[in-house]
Structure formats: structure tokens, C-alpha cells
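Contents: one structure, followed by commentary.
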Amino acid sequence: MELVYEIHQVLMDREDTCHRTCFTLHLGNQTLDHFAELKTIKGLKEGSMIRIQEAPYTVREARIHVRHVRDLLKCLDPQDAYLGVDCQSLSFLYAVSQGDVLVSEKKKTPVESVDCTPPKHIFPNSKDRLLSPLQPFSKEQKSPPCLKVLTMCRWNPPPGPRKLHGDLLYLYVVTLENRHCHITASTWGFYLNMTNEEEFNPKPANPCYMSHSLIDLLCLLSNGFKRNFALLQKKRTARHPFERVGTPYQVYTWTAPVVEHGIDALRAEDAFSSKLGYEEHIPGQTRDWNEELQTTRELPRRTLPERLLRERAIFKVHSDFVSAATRGAMQVIDGNVMAINPGEDPKMQMFIWNNIFFSLGFDVRDHYKEVGGDAAAYVAPRNDLQGVQVYSAADIEGLYTLGTVVVDYRGYRVTAQSIIPGILEREQEQSVVYGSIDFGKTVVTHPKYMDLLQKAAQQLKILPHKVLNDKNEEVELCSSVECKGIIGNDGRHYILDLLRTFPPDVNFLDSEGIQLNAASREMGFPIIHKHKLATLRQELVDAFVDNRYMMFLKYAALHLQQLGGKKQEVGKLPVVKQKEESEKEEEVEKERETEKEKEVEKEKDNKDIEADEAKKIVEGVTESIAAEKQVEENTKDIIKNAANAVGSLKEADFDVRFNLDAFSPGVRHVDPHSDQMKKERQLICDAAGFLVSVQLPSFIHDLKDHTSAPTDGTTLCEAMHNRGINIRYLGKVANLLAKVPELDYIRSIAVGELIARSVKHIFTTFLQNIDMICLSSAIAHFLNCYLSSCVNPHPANKNEELLAKKRRKKRSFSSNASSQWASYSPKSLWARIKTELKEYYDWNLKSDSIDSTVQRYGLQKISLLRSLCIKCGVQVLLRDYNFDSKNQETFQEQDILNLYPVVKHINPRATDALSLYTAGQTKTQQGYLKDGYDLISESLNLLNNVYGSMHPEIAQCLRMLARLNYIMGEYQEAMSFQQKAVLMSERVNGVDHPHTITEYTHLAHYCFANSQVSGALKLLYRARYLLVLIHGEYHPEMALIDSNIGLILHSLGQFSYALQFLEHALELNKKFFGERSLKVALNYHLVARTQSCMGNFRGALKNEKETFTIYKTQLGSEHEKTKEADQCLRNLTQQAVVMAKKISEAFNGRNTLGVPPITIQPPPMTTILELLNIINGVMYVQITPEEIERMRVEIEKSHAKALKEKDGSGSSDTQKDSESDTVVDSDDKSLDSDHSEDAKKLKSSVKEKPNQESKDRVSPQAEEDSGTKNKEELTTR
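Every position in the sequence shown, counted from 1, becomes a number in the working numbering once 1 is added.
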């Protein structure tokens, strides 16, 4: 804690002091200032006693107290989470695990007494796709009723005479005993008065029960309140803090049960008062968002404490701004805000609310006529937001961007921006001192802006360029022409309209001068898009520049070395082979054949040493040229040729930057036909070609290697973005996936995402033309046309209960708009979907109904419903839907509960914490687990310092710490950290997010390690259910979950259940990894073990033979695992012979006792845990101290330079020599090619980045390789 205010907050949260809000803190005779820093208080030291003293109330304090009491009474109620208010969200971990797993650890229940039978819908190949288990509520979550009514009294406000007696406000309470009480809030506290429903008598009753706290008064008035409030407090404090604190951004749920709507005066007051969404304790009027946002960025950042304070302030203000902007956008669309131009067309109206400017995503005044009209106006805010993100990340001192939030709500796109001081007082033409307001006709520039933008341009790869204005004057710009610079009344330099911050994507432009490469033309490019604002992503720009830089280095280094070899004998590059040299020469001579660029990309990863050597050679030569030293002409020529080969804009150096206006319509260039302009345009064409010929194939290659395994459309889009691939290429990705049979599961994800996004485009327009009174009926009808098998769904009656019987026949409420939505049918809607898919994504849907689409592409209707609801902000009733009825509609109007906003905003980052996290990853990759753990723990502290207690990056950090604890043998600590990670992921990502599924599987693993077998199974059942819901059973992750469930059920003796899950895992692994994969061999062995325990020796022999065959083929007959499999076969054969002999004796009458029972010894828990470790990617390899020392020497040699740069010292000596167990995690894919096999054993499985899905799994890529590299993957039986 740093502030006195934080002590107040802690006291208001503690069980014994939570009912007090109005008090002051005293140290001796000194009253502590509310916002003073603790370190500045004189006399405050460890052991000091701070005294709490009750303070007199004011109207404001009394209202805060009443609101706090109301919040305490509803603290267990999930209603706010369902409504999406007050940053509350859902969490079901405690309901799933039936309590705190850490508490369960202390009260272990015998496994035999627990029913571990899987629910029916959890079994493999179950056709049930239930929605109701998504939100499992436990009985403990229900709030005990404390009062019937707590509301503001109708006698408010106090009249003048009563104000003079200290009356502040009046409350009305009905207790559980049905006692009606009128309470006065006075400056001294709360007391019972003599007022009743008919007579105002504010005098104190006898007795009046005067109390400083309203809770104390209510306890005196009602025994039921006293009893239930104590119970409520126990339940509240028993909840994990992560279940109670608010999230930084609101998370909405797409399903909800019917929530009882009770009386709540404060809720009603919030809804209909003029309150603007700012906190009660903030003094003054509305918040000046722009001043707050810009002031936080101006804070000093020289030292670590200053940077932490600055980043925390930026994040807090930004999260508050997003919350206020979201609320304001909803108010605008709901019609609760007066437009500043009310006389104009509704689509052209603009609004100001709470010092935030709101505009709608329509083409007003034909501003976007040249680039696509309304389609361009709709995507422009999103492009602008991406520009704001990169300029904010560049963090150039003196250059300011606007606070920007894009909100999609009820079919409308609203852009919310902070207001530049003074911009509303003058015309836009007078304000703009840099850029253009009419897409390049009139252009102005400003020296200060040029200076600031050039600093940012170095990071963003933007090329300064000159254009002509309407007076034919040359104007220099360092951004796109649409970017505007405005100097506010506060003297700050603002930039806005950053919709072209990145180079145009010429694959979607039809313009003169575009020369696409062969790969792009083969794929059908250029494609005429709906708008001309298609741009490349920042990730693609960075990857392209890096790729060209590596080409430049290798070309130059190769020829420089050849030149040196002719003069004298100079050692060749360590890794360069003669064959590779010839390939390089051929590749660069055909410089722009991007098929060869793909080869460069493939070779890049395993030529790091070559790249480093090449970099040193080239940098030495270029520095000599720059210093004008005497350099031979042919050396200069080599550098020039290398620069020319990669399309560099400079002759004698590498310079790849982009002219953002090279293809902009309406922009006039100084010399459009010059060689320089041709180079600039060619670079943009090359970047678009690089995306098609290198990034798309590399992405498919990653998916084939299972280095990336998306589980739904969201994670697929994230994976594409990480490669710099825009979503408009999703149709092309789907076509490429269709050519790879083992990636059918990702193809179905891609097709589902394509359909969902196309339906979103149609649904957005659909919503805009509907009266509010018909919204639920219209949405239900749309969903029926989209997802129901009902041939001819009928729209629900449009609120006909509102009409008199005689008027119902006239349909007086029917209008053209209403009849338009009612005319939708499944046939017409799917025809529109097919058209939209072709026009937007250039993808052909080869079906014309929901049933044929689901059948053809392996989709699920429930997954399509989830995807549409999340994308469009629709909340549906939590119940099990029947999609397959031919005669009855699936959705009724009462199934549509709400529409919530879909919010896009920038994400401020904790830069120092991220650096520490990366350093911790590096240490753990080198085998120094303790060092890595310490660094990541410090990273967690910094993340908490910046983000508060809840954030997706903190969840990732917690998962990593749990993993490291588990690897180091601290199973209890691992479970503690992972429990927090699960709770946080549910709260900040969503209860059915793919990251949450991963967290559940990790927690189940750690629970089993702590002997919580039944708890582990419940968590795995939950993970399996969620994966089935969002995708289905056909996924590699499902094979992993089923293997875990099967193994644990096997350990409990539930062999028939275990066999179902293990056989399903085997079937999946064969499809994804091939019949001869080592992963499949392990699955065969697990199935054989289970069958032998059931007495099915014939089946067990068959499966164990498969294991033996795979090991022998992949590892050789002399390998340890092959010999073990051979021994297993012998044992099984012997058991089968003995059993057959006894059966024969029993049938022949020689044995009067009959067939002897099969005695099954349950496998020890340690054996099961070892197998779970292998399946989940953690290995313990026995090695001697001598081997440890030898491995350390090898690792230190290969990493000495890297460690010196990062740590400023030699390699760390923290590895424990005396340890005989070293941990290896098989999902590490970053092992250097030059390391020995022993060195690889020291690597750990902890390399993952925040905001990316964990890859803590057995490496499919490593597993496909043959040889001893895989020996750690195999189990010792």
C-alpha cells in the first residue's frame, strides 16, 4: 500500500469493518490526509498504531454509505455480471470443483466415497450439445435474503426546518419480519423516526436505535437481518478475492438465465438521473478525459518507479475512459443524448456526452465516396484505432493521440473520442495545420509535425514523401495524406484520422502501377474489395522488413567473403555450405521471385550463426563506407548490388520504408513516373506478395506442425494476426487448409468463422431497420432462419397484446421496416450469406442451408450460435436448444434477453514487466529454473503494480509460475498459482474462452499431483465440455484431455469408462499425427494396459504389438523402449496362455471351481502421475552429476555471449550440482540445432508469451522426428 486511501479501502472490505465508510484515520494526534502517501507521513513506522475515528456524515457521505450497504447485500448476486455492469463478470471454478481446491487439500475425501462417473454428455461421440451446463451454480452462491425492501423514502428531501436539525435524507425499509421502518440519515448517523406511509413525522422514535452505521441499526431492528447478514458475510469472505474484484474492462456473457428483477431504488436512480458515469467521490463536474489522458503520458519515465507510476496512471485513466465511452455510446444509440446537430439526417448526427465526442460509422457528406462509401466509413474507425495503437506504443514525446474507443451496438458503429481543447470553437479547415481534410486536394504541412512524425516513422517504417496541393506546391509529409495535425488550445500537437498508418494492401486494389507477383495472380488477386482502405498489418510490415534485411545481409556477406577468398585465404563462414551458396546466388539473381523468399524464410531459423556472422561483416563494411574510408570499388559494388537486390530505397545501404500515399486515389505526386516512385510502389507490391507467397504457406506449415492449434474462430484470427495476415484472407486460408486432410478440424473452424463474419455483416444492417418494439421478435426470427432446421419459421407476433382486439386485425404497428425483417426466410438468408462470402472473402460456399452446411464442413450449430452472439453482442436464454426440429422454431422471442456492446480499444502495456517476463523465459530455456522463476515472480509484481489485480497478462504469468513450481516439485504452490490463473481467466477472458480451457486442464494435472483425484476429474470434465461446446470433439486438444481422463479413471479402477476415453484419444491422435507417431504408440500402450485389466488379453496383445512395431520402426530394435514393449508383449502372452488354460480346464470339467476371477492390482499413483507428466509435456530424466557438469559447460559455451549482453556478467552458477533429477519439458520447440542431445535435456517447457495461448503440451513436431531426440517422450513402464 502506498496511500492512506488504500487503508480505507482495505477496512471497507474486511468482514469486521466492512459496514463502516465514514471515518478518519489518526496517528497520535495527527489526522491522516485521505490521499497522502504513507512514506511522507512523519512518525509512521513498523508497529505504529493507527486509530479509526467515526466522522460526521454529509449528504454525499450518507449516499455513499447507503450505496455501500446495498452493494454488500447483493455481493453474492450475479445479476450485475449478467447485465454487464460495474466491471463484474462470471466465474464457476468453485462450483465446478465444489469448493476451494486448496481447502479441499486439507480435507481430503477418500476416492472410493466419491462418484467419478462422467456425465452422459461428456462421453466420447455423444451427440448431446447442451447449453445448460455452461453455468453451473452451486447452492452456496445464492445470497440469503436480509431485507425485503431498502429504498429512498418518498418524503425526500428533508424540508428546511429538518435540515437545520441535521437531517440529510430519509430511507424506507421493510424487514424480513414485515416491519415497515422509516429511517433518518443525519450528520451523527442513522436512527428510526416516527414517519409512516400517510404522515410525515421525522422525530426520533422511542427507542430510536441511533447508530453510526446503517448495518448496526438494521441489526437492532431485525433479528432476521442480523442472522442472515452474518451468514452473508461468511459467504462473502469465503469467496476468493479474484471472484469479487472488478475487471479493468467489462466482460459480457452471451448466455444468461432468467434473472429475477427486484426493487432497487439506487439502480433506478442511476438509470434515470443525470449522472454521467463518474465516481461519487470525484469532485467537480464531468471529467476532462483529454487532459487526464495526455497528462498521464507526460509523467516522467527516467527511473523504474517513475515508469511504473506512469504506466499505472495511463492504464487506470484509459480503463475509466473505455467504461465511460461504452456507456455513452449505448446512451447515444438508445436515444438518450441530444445531438449537437439535431436538424440533420440521423446518420449524420454527432454527440457530446461526458466530455466525449461520438460519431456514427456512416459516410456523411460523401466524405468516403472515393474509397467505398458506407463500407469505407464502417472500417475507417477500426483502421484509425490500429493507428492510435501503434503511435501510442511508439510513445514519442510531444506527439499526442486522442483517446479512442470503437463501440458496435444494436447494429451501429459508434466512434468515441476525447475532445481536443478548442476544436469545437473553430472550423476544421482553420484547425488543421498538417495533412488534408479532403483526401489530398488541399494539403498543408508543419515543421514541428514533420520532426515529431519522423521520429515515429523510424519505428513504423514510414517514408517521408512529397505531394502536390491544389496550388501545385510541393508539400512534404511523413504520414498518409489523410492524417491530420491539430494544435490544441493547450499547445499540444495532436494527430488524428490515422486510418492509413500502414501500407495499402494492393492485393485488394485495382489501380494503375500495381505489379503483383505470380503467387498472388495464381490465387486470383487483385480482388475488388468493398472499400479501398485495405491496409497491411504492422506484424506483416515488420516480418517483411526483417526478411529483406536478412536477404541483404546474406547476399552481401556471401559476396564479400568470396571477394576476400580471391585475395587471400580467409576462413569461411561457419555454417555456410557450398550448396547453400549456389542456392543463394540463384535466389538473389531472381530477386523478386518470392517463391525463393519462402526458402529464405525456411532456412532462417536454422542459420542463426550464419546471420550473426553476416551481420558483422556487412556492418563493418557499411561503417567504413559511411566514414569515407578507403574502400575498394568492388566492395562498394557488392553493397550496392545487395541493396538493389532487396529493393532498398538507398543505393549503398539497406533502407526499406513505405510511402503510404503511393497508391492513394486523389493524391498527386511530384514525379509519379520517376524511378524512385516505381521503387516505392514496387516495395508495397512486394510486401503484399510476401504475405501471399511466404506468410500464408508458413502459417499453414505452423498448423501442420501443431505449433499453433486454434480451438475457435477467435484464436484462429489471433494466430493469423501474429503472422501479419488480415482476416480478409480467411477465404484463401480456408482453401489452403482444404488441401491438407489432417487439418480438417482447422478448416471447419475457418469455415465457421467465415460464415459467422458474413452473417454479422448481414445482421448489422438487419438491426438498423427494426423498431425497438420488435427487436426481440426480429432477432429470434433471424436466428431461426440462420440456425433452425425448421423449413418455414414464422415471425412471432409483434407485441399484439398492446393492441385492442378490433385493431389487431388492422396490424396498425406493422410498417415497411417491420414487414422487411418478417420477410426473411432460411432460403433468402443463406442466399445472402453465399453472396457475402463471395464478395468479401472470395470464398464459395457449396451448400445452401444450415443442415447441408453443417454436414459438409463438420460444423456445430451451437458453436455457430456462440460465435454470432459474441460478435454481434446478443445475449440468449440459458437453456438447451433443439435445432433439428423440422416443424418447430428453435428460438422464441423470450429467448432473446439483451443486446450488449462489442468494444474495441487500445491496450496499454507494462513494458518493464514484459521485459522481465521475457528474461525469465530465456533463463528457464537455458535450464536455470530458479533464476527464471525469480524473474517471472518480479514480473508478476510489476504487472500487479500497473494493471491492478486482474488482467489477461497476469493470468498468463500465474500459469507460468504454476508450471515452474510444478517442475521444481512444489505441487501445492503450483496448484495455488494455477487456481488463481483459472479464476482470472474466467473473469477477464470469459468462462468459455479457449485460454480458460487450457487453465482448467493444467489445474486438473496439479490437483492429481496433490492426490485430489475426484477434483481433477471434475476439472477435466469441465474442460472437455467447454471444448465440445466451442468446437466439437475433433481436435488435438481433445485427444490430450481424453488421455488425461482415461488415465485417471484407470487409476480409480473404472476400466470400461477409461477405455472409451483412451480409445477416442487414440483415434484422434492417429488422424492428427499419423499411424506411426510415437504419441500414437503411447496411446496404444495405454489402451492395451486397460484392456488387460479388463481381461481382454486378445485386444491387449493386438494393441501392444502396434506399440512394439512403432517403437521398432522409429527407434530401432535395440532401443530401450522397444525392449520394454517386447517384454510387455511376453508378459501379456503368458497371462493370456494361463487364462486360456484355466478356461479350458473349467469347460472340460477338470476344474470344479469354475473360471478363476481376474485379480487386478490398481496401478500406483506415482506411475499414473509419470504418465500424466509425459502426456502433458513434463519429463524427469535421470542423469548423473558428471553429465550435469558436462552439459553446463556446453550450454555456457553456446550462450556465453547472449548471457553477457543480457546480464552483464558470465553465465549463472545457480544450477544445483548435487541434484540427480533434471526437468525437461517436451513442448520446447526452440532448441538450438548445434546443441548436443544432453544439452537439450536441460531445456524446460516454459517458453510462452503473454496474450498468446499456452503451448505447454507435448511437442507434436518433436514427436514426429525419429532417433533418440524423442526418448524423453516415452514412458517407462
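Beta carbons are placed, not taken as given, at the ideal position from N, Cα and C, and that holds for glycine.
Distances from the alpha-carbon of R180 to those of S320, L219, Q99 put L219 closest.
Between V407 and K761, the CB-CB gap reaches or exceeds 8 Å. Between the alpha carbons of P208 and E198 lies a gap of roughly 20 Å.
Distance from the CA atom of L1116 to the CA atom of T1108, rounded to whole angstroms, is 12 Å. Nearest neighbour of L900 by Cα position, chosen from I334, K164, L1069, turns out to be I334. Per DSSP, reduced to three states, the secondary structure at F359 is strand. Q295 and Y401 do touch by the CB rule: their CB atoms are close to 6 Å apart, below 8 Å.
DSSP links K485 through a beta bridge to L497. Per DSSP, the continuous alpha helix (DSSP H) segment holding K637 begins and ends at 634–646. Secondary structure of V259 (DSSP, three-state): coil. Taking the Cα of L1172 as reference, the smallest distance to any Cα among N1084, Q1135, L1133, I488 is reached at N1084.
In this structure, N518 places its C-beta atom within 8 Å of the C-beta atom of G690. If you check the CB distance, V338 and F358 do not come in under 8 Å. If the five residues before and after A1017 are omitted, its C-beta is found closer than 7 Å to the C-beta atoms of A1005, C1008, F1009, I1049, all from its own chain and listed in chain order.
Here S853 is exposed: its Cβ has fewer than 16 other Cβ atoms, across all protein chains shown, within 10 Å. For the stretch 329–378, the full-length beta strand (DSSP E) segments reaching 3 residues or more read 351–354, 357–361 along the chain.
Spatial neighbours of G388 in its own chain (CB-CB distance under 6 Å, excluding positions within 5 residues in sequence) are listed in chain order as L499, T502. F545 sits in a helix when the DSSP states are folded into three classes. The stretch 868–886 makes no contact with the stretch 50–60, as fewer than three CB pairs between them are under 8 Å.
Beta-bridge analysis with DSSP links R669 to L469. Here S98 is not near E244, since their CB atoms are 8 Å or more apart.
One thing to note: L830 has its Cβ no nearer than 8 Å to the Cβ of C791. Here M773 carries a helix assignment [DSSP, helix/strand/coil].
According to the DSSP assignment, G190 belongs to the beta strand (DSSP E) that extends over 190–193. Under the criterion of beta carbons closer than 8 Å, I1042 and L1020 do not qualify as touching, at roughly 10 Å. Inter-residue distance for C686 and G859 is about 37 Å (C-alpha atoms, whole angstroms). Per DSSP, reduced to three states, the secondary structure at P505 is strand. By the Cβ test, the stretch 404–418 is in contact with the stretch 323–332, since at least three Cβ pairs between them sit closer than 8 Å. When beta bridges are read from the DSSP output, L148 appears opposite T176. DSSP places C117 outside both helix and strand once states are collapsed to three, so it counts as coil.
Taking a contact as a CB-CB distance under 8 Å, the pair E652 and K641 counts as one, their CB atoms being some 6 Å apart. DSSP lists V445 as the beta-bridge partner residues of G436.
Burial check for A832: the Cβ neighbour count within 10 Å stays below 16, so the residue is exposed. For L28, the three-state secondary structure derived from DSSP is strand. Apart from sequence neighbours up to five positions away, the residues of its chain that approach Q1092 with a beta-carbon distance below 6 Å are G1100, A1101, ordered along the chain. In this structure, I834 sits near I756, with a CB-CB distance shorter than 8 Å.
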